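Just so we're aligned, residue 135 is where the sequence shown starts under our numbering, counting upward by one. From the three backbone atoms N, C-alpha and C, an ideal C-beta is built for every residue, glycine too. Remember, it's a predicted structure, so these values are computed and weren't measured experimentally.
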Amino acid sequence: MNTTSPETDDDSFQSEVDANYDEQVQQRRTVGCRLQDRILANLIDQITILILVAGIIIAVRDSGLHYALITLMILILVPSYYALFEGAFGATPGKYFYGLKVVSADESRCTFRQAWIRSLCLFVEGNPILLGALPAVISILKTDRRQRIGDLCAGTIVLNLNEATEWVA
């Protein structure tokens with residue numbers, strides 16, 4: 135004899151559906167953003183950095199500063215750009231434009247420490263002498279959460295908030 139009522143079966147089924155949906159949403163949110171989104175966001179950031187660098191060069195070209203000092207200023211500018219924007223806002227202007235956000239692996243806010251680690255790893259990942267961006271691309275394609283080496287070192291992931299919103303809505 136069946137002791138469960140139809141209402142109990144419906145409640146059980148609904149709970150199972152809700153649990154599966156929540157799990158899918160969580161997986162979708164933590165899978166990380168697509169490579170092409172990161173590339174396009176980085177393109178905006180690189181153009182922004184190029185404009186800043188051009189501004190620095192124009193501003194100091196007649197100042198008598200040695201080229202080594204100008205190079206040092208640029209080497210400080212690039213990681214600072216990423217670290218300060220990602221540490222303060224969770225996104226650079228390029229990432230913000232594409233709806234990307236850098237968060238800790240547990241989806242809490244990215245700290246300045248994590249942002250600096252990510253930024254400093256760019257010298258290895260994006261170095262034209264060391265295979266260009268190939269190490270970062272391979273890492274993004276091969277990791278479950280689409281993390282580049284800087285993300286792995288810093289304990290961060292990059293989420294596409296537009297994709298997460300579409301799933302949740």
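query                                                                                                                                         : result
DSSP on residue 176, reduced to helix/strand/coil?                                                                                            : helix
Taking all protein chains shown into account, decide if residue 284 is buried (16 or more other Cβ within 10 angstroms of its Cβ) or exposed. : buried
Let me know the beta strand (DSSP E) ranges lying completely inside the segment 194–265, each 3 residues or longer, listed in chain order.    : 234–238
Counting along the chain, where does the alpha helix (DSSP H) carrying residue 125 start and finish?                                          : Residue 125 is absent from the model: the chain starts at 135 and stops at 303.
Spell out the partners DSSP gives residue 294 in its beta bridges.                                                                            : 234
Closest by CA to residue 287, which one among 244, 198, 255?                                                                                  : 255
Which first and last residues belong to the alpha helix (DSSP H) in which residue 267 is found?                                               : Counting along the chain, residue 267 falls outside any alpha helix (DSSP H), and DSSP gives it neither H nor E.
Classify residue 257 as buried or exposed, calling it buried when 16 or more other Cβ atoms lie within 10 Å of its own Cβ.                    : exposed
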